[in-house]
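Quick note: the sequence shown, position 46, residue 101 per my numbering, numbers continuous. Everything below concerns the one structure shown next.
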Amino acid sequence: MKVNGLKIWGCTLGNCIHVAGIHRFLQLAEECGYQTVFAGVGWSVAAILEAVAAERPDFVALSYRLTPQVAAKLFAELATRLREEKLVEKTVWLCGGTPPVCREAEQSGIFAMTFDGTENEAEVRRWLQGKPHAPGENSWGRTFRERIALQEPYPIIRHHFGLPDLEETVRGVATLAESKALDVISIGPDQNAQQFFFRPEKMDPAQQGAGGVPLRRPEDLGRLYRAAQTGNYPLLRIYSGTQDLLQWAELSVRELHNAWAAIPLFWYSALDGRSERPLEAAIRENQAAMAWYAQRQLPVEVNDAHQWSLRGAADEVAVGAAYLAAFNAKAQGVNDFILQLMWNTPAGIAPAADLAKMLAKLEIVGQLADDNFRIWREVRAGLASLAPQPAIAKGQLAATTLLSLQVRPHIVHVVGFCEGDHAATPAEIVESCQIVQGVIRDAWQGMPDMRHERSVLLRKRELLDQALRIIEAVAGLSQDQPLTDPGVLAAAVRRGILTAPQLLREPEPAQRRRTG
């Protein structure tokens with residue numbers, strides 16, 4: 056639909072004086088290229104028809120947020136007059152209101168579209184631009200970049216999901232897709248699957264379902280993908296596995312249509328105990344997996360930075376690790392790099408210091424950006440930041456989301472408010488995503504900019520200086536491409552250039568660094 060020049064005339068109906076909804080709708084319409092007129096509040100049916108005859112708009116937007124039974128009478132009166140005067144087909148009629156009011160509007164048969172407040176602004180924009188999602192149509196964006204473009208200017212929503220029972224997880228994926236509450240479902244396999252999917256004889260039956268869904272056959276991933284082909288057709292993705300990464304890559308892209316890879320640089324190795332891969336061998340295999348995805352033009356996320364922070368590493372180590380992760384992804388040919396920014400990590404970090412750390416990561420990684428290396432910002436709450444009490448955790452989730460919007464993310468990775476107590480169910484995931492959507496809806500229009508606070512800028516500069524010294528120290532270990540050499544990178548850990556106090560298996564004692 057070509058919208059330039061089309062006019063929308065709007066008012067509130069009857070004795071309704073609530074204008075916030077229609078004001079915002081008309082504002083969005085203007086941003087989409089429409090001419091708009093807000094005629095005011097409390098219009099009768101007769102007055103509306105008289106004005107429409109004079110103004111001759113292409114669309115009439117009526118808002119009513121009072122009693123549904125009264126709305127039904129007003130809609131019946133309007134329907135009768137429109138049919139009597141044969142005006143139904145001359146103008147497109149729209150209605151906004153509460154869900155009960157919109158149900159009455161739909162039953163009247165005169166409105167082409169109703170807006171009941173449950174849709175997000177991206178959906179409203181799509182409708183205004185003539186790109187509505189028809190039921191059953193696969194038109195939501197089938198790739199990461201398509202999804203981002205369709206959701207603009209808002210970020211897409213992602214959540215992790217994996218229950219200890221496969222059948223419950225399959226049903227849960229379908230429930231989440233039908234809810235339309237999120238754009239990306241990240242499947243979380245249990246540790247047996249992550250480590251031993253291709254070596255099933257090594258699985259420990261006592262650990263069945265520990266940490267996620269027990270995937271045991273390729274068709275299990277296919278079932279999860281098929282379950283998501285409904286609702287808003289969310290993208291699916293899955294972690295890389297803690298060994299046999301190339302086999303995992305082939306499996307997840309073939310069966311799950313993996314939207315993007317999440318591959319570590321140093322981790323899932325003897326360093327953290329999630330596999331028995333020696334550190335140097337793990338780095339080499341991880342790089343090969345990055346290259347595999349790059350060859351297929353698929354995005355790659357290398358979330359090493361917060362793995363260091365989760366183990367108490369100093370903030371400058373996390374900033375340096377972010378650069379090394381991005382540098383290695385670019386060296387392997389990755390074109391679309393997803394920079395995940397985990398907030399609240401280590402536990403207890405002050406919000407201003409947290410923001411400074413994220414800005415330092417963005418600046419140092421941003422130096423690598425060019426036409427062939429695009430950087431996409433992803434934010435999330437810290438894994439250990441949410442309290443076991445649901446009400447407190449909901450407040451923490453909202454607060455972290457609000458702070459993280461300072462960096463204008465492309466992706467918000469929602470962490471379920473219940474994660475401090477148990478793995479999220481589909482209902483809890485939907486609620487968590489709706490909390491985050493509420494924060495985005497209110498804050499995206501404009502918030503005070505904390506990025507230029509003096510204390511934040513000073514801390515960012517301090518972290519950048521310290522991180523550059525770390526990178527220089529790594530580079531000083533060899534003359535031949537040291538920042539991508541697995542042997543050099545492993546040596547940087549052994550020598551304590553990259554270190555954290557809570558490493559499970561550190562090859563050699565290392566110095567400790569301060570966390571700001």
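By construction, the Cβ of each residue, glycine as well, lies at the ideal position given by its N, Cα and C atoms. Quantities reported herein were computed from a predicted structural model and do not represent experimental measurements.
Take the Cβ of residue i as the centre, count every other Cβ of all protein chains shown within 10 Å, and call the residue buried at 16 or more, exposed below.
i      : result
Glu192 : In this prediction, Glu192 scores a pLDDT of 46, lower than 50, which makes its location untrustworthy; no coordinate-derived value is stated.
Gln534 : exposed
Gln184 : exposed
Asn313 : buried
Gly296 : buried
His507 : exposed
Arg569 : With a pLDDT of 43 at Arg569, under the threshold of 50, the predicted position of this residue should be treated as unreliable, though the coordinate-derived value follows. The residue in question, Arg569, is exposed, as its Cβ has fewer than 16 Cβ neighbours within 10 Å.
Gly264 : buried
Gly60  : exposed
Thr67  : buried
Ala555 : buried
Glu563 : Bear in mind that the predicted position of Glu563 carries a pLDDT of just 44, short of 50, making it unreliable; the figure below should be weighed with that in mind. By the 10 Å Cβ count, Glu563 comes out exposed.
Asn427 : exposed
Can residue i and residue j be called in contact, C-beta distance under 8 Å?
i      : j      : result
Gln557 : Arg366 : yes
His468 : Arg496 : no
Asn175 : Gln492 : yes
Asp245 : Gly227 : no
Gly151 : Gly76  : yes
Gly69  : Leu129 : yes
Val357 : Ile318 : yes
Tyr388 : Ala344 : According to the sequence provided, residue 388 is Gly. The question's Tyr does not apply to it. No; because the gap between Cβ atoms is not below 8 Å, this pair is not in contact.
Leu275 : Leu231 : Correcting the residue type first, residue 275 is Asp in the shown sequence and not Leu. Taking 8 Å as the Cβ cut-off, Asp275 and Leu231 do not qualify as a contacting pair.
Leu81  : Phe93  : yes
So residue i is in the beta strand (DSSP E); what residue range does that whole segment cover?
i      : result
Ile212 : 211-216
Gln90  : 90-93
Ser194 : Here Ser194 belongs to no beta strand (DSSP E), and DSSP marks it neither H nor E.
Phe382 : No beta strand (DSSP E) contains Phe382, which is instead part of the alpha helix (DSSP H) from 370-386.
Pro249 : The sequence given here has Gln at residue 249, not Pro. First-last for Gln249: 246-251, but that is the alpha helix (DSSP H), not the beta strand (DSSP E).
Take residue i and list the residues in its own chain whose beta-carbon comes closer than 6 Å to its own, dropping the five residues that flank it on each side.
i      : result
Leu532 : Val543, Ala546
Ala248 : Leu270
Ile72  : Val96
Asp391 : Pro354, Arg429
Glu572 : No answer is possible for residue 572: it lies beyond the span of the chain, which begins at 56 and ends at 571.
Lys235 : Gly286, Asn287
Short of 8 Å in beta carbon distance, which residues of its chain neighbour residue i, apart from the five on each side in sequence? Order them along the chain.
i      : result
Gln28  : Because the chain spans 56 through 571 in this model, residue 28 falls outside it and cannot be assessed.
Phe382 : Leu423, Leu538, Thr539
Please report the residue range of the alpha helix (DSSP H) in which residue i lies.
i      : result
Met345 : 334-350
Gln489 : 481-498
Leu311 : 300-311
Ile525 : 509-530
Leu231 : 221-234
Grab me the residues of residue i's own chain with a C-beta within less than 7 Å of its C-beta, minus the 5 sequence neighbours each way, in chain order.
i      : result
Ala376 : Asp359, Ala360, Trp363, Leu553
Asp540 : Ser533
Asn341 : Leu300, Ile318, Pro319, Leu320
Val147 : Asp113, Phe114, Ala167
Determine which residues share a DSSP beta bridge with residue i and list them.
i      : result
Val179 : None; Val179 has no bridge partner.
Tyr119 : Gly152
Gly65  : Phe93, Ala116
Arg429 : Asp391
Ala317 : Glu356
Val32  : An answer regarding residue 32 cannot be provided, because it is not within the stretch 56 to 571 covered by the chain.
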